[in-house]
Amino acid sequence: MKKMSVARKRTLRFLIILGALNLLALAKFGFGNHSTLSTTYGLVLGHEWIILHSVVVKSSTGSTFFALLGLLGCGLGFLFFKLNKTSLAGISIASISILFSFICWAATGKFIPLTGLLQGGLMLAVPLIFGSMSGLLCERSGVINIAIEGQLLAGAFASAVVASVTHKTMLGLIIAPIAGAAVSVLLATFAIKFGVDQVILGFVLNVLVYGLTDFLYKRLLIPYQSTWNQAPSFSQISIPILGKIPIIGPIFFDQTIIVYLMYAIVAAISYGLFRTKWGLRTRSVGEHPEAADSVGIDVNKLRFRNVVIAGLVAGLGGAYFTIGSVGSFGKEMTAGSGFIALAALIFGKWTPKGAILAALLFGFADNLQGTLSIIGVSVPSEFMLMVPYIATIIAVSGLIGRVRAPAADGVFYSRGESH
Amino acid sequence: MSLELRGVTKTFGSLVANDNINLKVDDGEIHAILGENGAGKSTLMNIVYGLVQPDSGEFLVDGNPVTIHQPADALAVGIGMVHQHFMLIPVFSVLENIILGHEQSTKIGSLESSAAREKILKLASEFGFHIDPDAIVENLSVGVQQRVEILKALMYDAKILILDEPTAVLTPQETDEFIEIMKKLRASGTAIIFISHKLREVKAVADKITVIRQGKVVAIADPKSTQEELASLMVGRPVNLTEKKTIHHDNAVVVKVSELNIADEVGRPLVSNINFEIHKGEILAIAGVQGNGQTELANAMVNLHKNVHGSILLDGQEIVGLSVNKSLHSGIAYVPESRELDGLIGKFSIAENLILDTHHEQPFAKGIFMSNKAVEEEAQKKVVEFDIRTQSIDAPVSSLSGGNKQKVVLARELSRPVRLVVACQPTRGLDVGAIEFVHKRILEEREAGRAVLLFSTELDEVMTLADRIAVMYKGEILSIVDASATREQIGLLMAGVKS
Amino acid sequence: MKKFYNRIAETALLPFLSVIMAFVISGLLIVFSDAAVLKVIGSPGKFIKVASSTFMNAYIALFQGAFFDPHLTQGHTLLQGFYPLSETIVTATPLILAGLSVSLAFQSGLFNIGAQGQFIFGAIGASYVGFHYTFSPVVHVTLALLAGIVLASLWGGFVGLLKARTGAHEVIVTIMMNYIAGFFILWILKTKSFLRPRRIDPLAPNIKPSAELPHLLGSTMRLHAGILIALLAAVFVWWLLNKTTIGFQFRAVGANASAAKTAGISVGVTTMLTMTIAGALAGLGGAVHVLGNQYALTSDIAGSFGFDAITVALLGRAKPRGTVMAALLFGALRTGGRTMEANTSTPLDIVLVIQALIVLFIASPALVRFIFRIKNLQSQGTLASKGWNG
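Here the protein sequences come in this chain order: X, V and B.
Each residue of the first sequence is one higher than the last, beginning at 1 in our numbering.
Each residue of the second sequence is one higher than the last, beginning at 420 in our numbering.
Each residue of the third sequence is one higher than the last, beginning at 919 in our numbering.
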């Protein structure tokens, strides 16, 4: 038998590690938990049709169940591995099972508002999804976007200020994408016209937006708060019928207009990128700009346009921080969401579906951390907060298969350069 | 449809790539543009196709002036081009590649490709191509990819087709088929501009030959001219097309490769079951169409490739699994396929490039301290020895011409004690003078008793230099034949036909 | 003479013009966000007067806060007037070290966004040795610095290891590791070993006096020996890059990794070594910051040093001398910015804008060339990172 390749070895090693962790979970959280107490899972937020009862499960039983499920996932992964297919499904089941096994254990004898946990996870994921869609639009057309953070922050700032000054949330909603697009115009101009290195450029643009918003925040928003920074915010709109479905309703269909816009944008991008003329062209300039040029596509114009659209998307996502929730603007309130969005994009292998799932996972992990610390679980919240970052490092280290960016991502295109 | 170029001039900095070029291609004509590497053929064609803007000059289609600022303009007047480096997107399907730039949409905005699919299948059967529209391009062989490129041009009714060095990636038999395709195209009324530096092909197919040298049209030649006549027009001086070979007999084996297998990072085999020996003073050439595992085999010879299993014995010592540095220092000179990407560091000076491999050794370094003086002395010496044309040894190597760059690579690689020379496509992209230099140098190494492993896709080069010829096909050596083998024999092997 | 002029123009003109443009644009921002200016915007005469005085006052305060303040000499020696300069150097010291970390990595083709995390680990190491052990003064300082260097070089080296073994892109990994380091310091400050007795806020005990870096100009100035360490480090980096085989390998891999590999240089080893040394430099920055300036570890010990370090390296074009100059400039901006904020109520944060603009202009010579209509404005090799697949 031939020796295994590096990538396969790595997958196998990861499966073994996951298996070992699940065994450990089985031993520690399942059999090791001698408490006879149970965990109560709340399934209701309020307005559903059917008021479901809370589910009560003995904690050790729950942990045992999930650890065993995880082991099953590992087995599945291994089976697919042997068949030379992707073990991703198995790996996902195994990883998530460990998490749930842990939750059951950590919340022994406590109440976990499960629906609330999921709803909160989605809320935290919203800006990440907006951000990762911005990254997706740029990078699929061949422009690296590290400035997602800046786009979000610009959107948050502009929407709060405009909504505050005009007392109209709608105007805030309109200005947010424009602010995000302004950052994009800088990104596109310097990257596409002047050929500035895109990673450096994105970094600098973030610094610039941080600087501008910090400065204006202190200069205007704090001293003249009533004029500049007392923005109204959108309230939730419950969609008739859909909003009343148990569990799903309150999570997905009792949200602000920004979240509904997100659904539309996500659907449009997922469809557009793979099913339309625009999508085909976008992917072509991200993979092989010379080829696109040779069939008459204006590479840099398309890239410019897509980067600007990306800014619109991220800027809108920025509004979620202010008029989409708390109203007023806080200094550096995006707090690195743009970078987690970037991580979600990469974790999701530059696909819309993958990026959204990764963003949801990161949002959930973040919210779980908050929930656990509120119900008083003795796990340092700092370690829970590290999860998205560690997960991303694991992802880019190729533990779950090769992560490949669009071939021409970050490559400046100028006709005739190659000759 | 006819195309005429008048007074086309293009300069890059101080280099005049095209100098006042006039050219007329008539309806249904195969017009060959002949010139050696660097003569300015590709630049001219990129100008015609709108990829490069000329400094001056005009284009006339059917006698009417047209402006071509971008490929879209060229396509609009009916000019299509098959590029030397394919303009195909590897991760797209054949269909997606072909409809790109000409997409049809349904009312709700989704792609509509059924008409295109039908047209592709119809055109393909007309020309006898076997093509699956849903195949992903990166999984196709180079020959098939080229047919996709041709289909791309035909789909949108190109009346003038530019073919830029189309046969470089084909076997002799495929080349013959390709010539038939060109004739079919001509018969269907398409005018063809055929760029090549291969005399035999040009003679076989062209109706008219324009010879370009150093950016100027130097002659309009008749296809009936002899190869020698064409060659001297192309180079500007009489060329002796064959080089002298002295027969060498020495039985000591220098390299013995056995059961060598190479896999890619996910474990798929790239090269399998390679066995050969090279003796002292012998040149073994590895021929074959590009992309049949030659690059991987060459890299494996100095352990640049991971996932290599099997044995390479150099004078009886196993070298598989050594570091690259140790492999080189065990007595291998390695001339990589791409000078710019793998051979040299463009930003570094000539002097620095000459010691890339030995910078940590005496006299260039003591411990971790480097000696600039020793580095300079070495550079001065090598510049003279290898006739590297430069103003200063401190000039960045990127400022040199292709030939001089290759001389820097050779000077560096041959400065160590060498038992085996591994040279990959050593003359690719060089002009005739530089080719002669490289060939002479390789033969000198052979004279000096070194074993030489030459990778080349140029059959002429292989036949001129080699003592024995191994032909690679799909990662395997199909057969190792004597230098007396005919072109046809080797051609069949290159196409995977084992007699 | 003409040649000399050209050389000056080549090396200094672009940075100079970039700095000028950044100051002008930021100045306009200061003016047009000022309440007093906005009030008189209707009447051109008053407007010009108020606007220009706002503009000048801000920058005069910035200068006085960064270099020399005549008010401070009253009743004191002239030297005391240079108190701001001492502060500038104190701020610039960790910036130089962290900037060198980013610059060194750049030379080897790596974009080290992780100086922040490395800085944090340097500070943690130095702080722990500083407060937990007792040694004689020189030994204590040395060991505390070493502890910072070791921890940070492991933290940085891990990135190199990951890149060498798996190809994980250093930009992504370092961004992620900065967050991890940030959470790690929050956590460790809550642990028993680090929490200051009888305190519940995240604050470590003060380092022992024996671990403090000595002041250079007496007790009235905070200028400490860290600047000497930083300058030595700059010389070291220059020497390493230009005079040693290791530096040759760093530069070779940075300029063309593929060709370096083909010539027998191990790219993996070089990458690991680069990130280890880069980590050590940033960590030294963190250590020096604790031992010479802060004395006690806090969760915000790294401030924005790690990120400023990137702008410093970009402005200094990844050259040791340029990095030192850029760090001094940004140190001056930070320090002067505090005075500007206090005296003219212009928020310190304008400094970030200035920094970002300078680097933006430096990175795009084509724009500066276009604005000033200078044809032969040279940019000496713009810095580039590698895309995700590189």
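Idealized CB from N, CA, C, for every residue including glycine.
{"Asked": "How far does the alpha helix (DSSP H) with residue 424 of chain X in it reach, from first residue to last?", "Found": "Residue 424 of chain X lies beyond the residue range present for chain X, which begins at 1 and ends at 419; the question has no answer from this structure."}
{"Asked": "Just to make sure I have the definition right: I need the residues of chain V whose C-beta is within less than 7 Å of the C-beta of residue 297 of chain X. Which are they?", "Found": "520"}
{"Asked": "Rounding to the nearest angstrom, what Cα-Cα distance links residue 1189 of chain B and residue 647 of chain V in this structure?", "Found": "53 Å"}
{"Asked": "Please list, in chain order, the chain V residues whose beta carbon lies closer than 8 Å to that of residue 276 of chain X.", "Found": "524, 528, 529 and 530"}
{"Asked": "Given this structure, state the Cα-to-Cα distance separating residue 185 of chain X from residue 178 of chain X, to the nearest angstrom.", "Found": "10 Å"}
{"Asked": "Consult DSSP for residue 648 of chain V and reduce its assignment to one of helix, strand or coil.", "Found": "helix"}
{"Asked": "List the residues of chain V whose Cβ lies closer than 9 Å to the Cβ of residue 284 of chain X, in chain order.", "Found": "508, 511, 515, 516, 519 and 520"}
{"Asked": "Exposed or buried, residue 701 of chain V, counting other C-beta atoms within 10 Å across all chains shown (16 or more means buried)?", "Found": "buried"}
{"Asked": "Within 8 Å, do at least three Cβ pairs link the segment 1244 to 1258 of chain B to the segment 1009 to 1027 of chain B?", "Found": "yes"}
{"Asked": "Can you give the Cα-Cα distance for residue 1210 of chain B and residue 997 of chain B, rounded to whole angstroms?", "Found": "21 Å"}
{"Asked": "I'd like to check one pair, residue 720 of chain V with residue 803 of chain V: are the Cβ atoms closer than 7 Å?", "Found": "no"}
{"Asked": "When we look at the beta-carbon of residue 583 of chain V and count the other beta-carbons within 10 Å, is it buried (16 or more) or exposed?", "Found": "buried"}
{"Asked": "Identify each residue in the segment 996 to 1027 of chain B for which the Cβ-Cβ distance to at least one residue of chain X is less than 9 Å, and report them in chain order.", "Found": "none"}
{"Asked": "Contact criterion: CB-CB distance below 7 Å. Does residue 673 of chain V meet it with respect to chain B?", "Found": "no"}
{"Asked": "Any C-beta of chain X sitting closer than 7 Å to the C-beta of residue 585 of chain V?", "Found": "no"}
{"Asked": "Going by beta carbon distance, what residues of the same chain come within less than 6 Å of residue 498 of chain V, once the five residues before and after it are set aside?", "Found": "579"}
{"Asked": "Thinking residue 821 of chain V and residue 1177 of chain B are a contact (beta carbons under 8 Å), I'd like their distance in whole angstroms, please.", "Found": "Incorrect: roughly 16 Å between the Cβ atoms, too far for contact."}
{"Asked": "If you follow the beta strand (DSSP E) that residue 38 of chain X is in, where does it begin and where does it stop?", "Found": "38 to 42"}
{"Asked": "So with Cβ pairs under 7 Å, would you call residue 1094 of chain B a contact of chain X?", "Found": "yes"}
{"Asked": "Closer than 7 Å by beta-carbon distance: list the chain V residues that pair up with residue 1195 of chain B, in chain order.", "Found": "The premise fails here: residue 1195 of chain B is roughly 13 Å from chain V at the closest Cβ pair, so nothing lies under 7 Å."}
{"Asked": "Measuring CB to CB, does residue 949 of chain B end up less than 7 Å from residue 969 of chain B?", "Found": "yes"}
{"Asked": "What are the start and end residues of each continuous beta strand (DSSP E) run of 3 or more residues lying completely inside the segment 72 to 159 of chain X, in chain order?", "Found": "111 to 113"}
{"Asked": "Assuming residue 1171 of chain B and residue 1185 of chain B are in contact, meaning their beta carbons sit under 8 Å apart, how far apart are those beta carbons, in whole angstroms?", "Found": "5 Å"}
{"Asked": "I want to see whether chain V comes within less than 7 Å of residue 929 of chain B, judged by CB atoms only; does it?", "Found": "no"}
{"Asked": "Using a threshold of 7 Å, state whether the C-beta atoms of residue 951 of chain B and residue 305 of chain X are closer than that.", "Found": "no"}
{"Asked": "List, in order along the chain, the chain C residues whose C-beta lies closer than 9 Å to that of residue 415 of chain X?", "Found": "Annotation note: the requested chain C is absent from the structure, which comprises protein chains X, V and B."}
{"Asked": "Since residue 419 of chain V sits in a beta bridge, which residues does DSSP pair it with?", "Found": "A query on residue 419 of chain V cannot be resolved here, the shown segment of chain V reaching from 420 to 918 and no further."}
{"Asked": "Give every residue of the same chain whose Cβ lies closer than 6 Å to the Cβ of residue 986 of chain B, excluding the five residues on either side of it in the sequence, and list them in chain order.", "Found": "999 and 1000"}
{"Asked": "Can you have a look at residue 1052 of chain B and say buried or exposed, based on whether 16 or more other CB atoms are within 10 angstroms of its CB?", "Found": "exposed"}
{"Asked": "Quick check on residue 213 of chain X: does DSSP put it in helix, strand or coil?", "Found": "helix"}
{"Asked": "Is there a Cβ from chain B that is less than 7 Å from the Cβ of residue 133 of chain X?", "Found": "no"}
{"Asked": "At 9 Å on the CB atoms, spell out the chain X contacts of residue 987 of chain B, in chain order.", "Found": "Going along chain X, no residue has its Cβ under 9 Å from residue 987 of chain B, so there is no contact; the nearest lies around 23 Å."}
{"Asked": "Applying the criterion that 16 or more other CB atoms from any shown protein chain within 10 Å of the CB defines a buried residue, is residue 464 of chain V buried or exposed?", "Found": "buried"}
{"Asked": "Taking Cβ-Cβ distances below 9 Å as the criterion, which residues of the segment 1036 to 1070 of chain B are in contact with chain X?", "Found": "none"}
{"Asked": "What does the alpha-carbon distance come out to for the pair residue 1259 of chain B and residue 161 of chain X?", "Found": "23 Å"}
{"Asked": "Does any residue of chain X have a CB that is nearer than 7 Å to the CB of residue 604 of chain V?", "Found": "no"}
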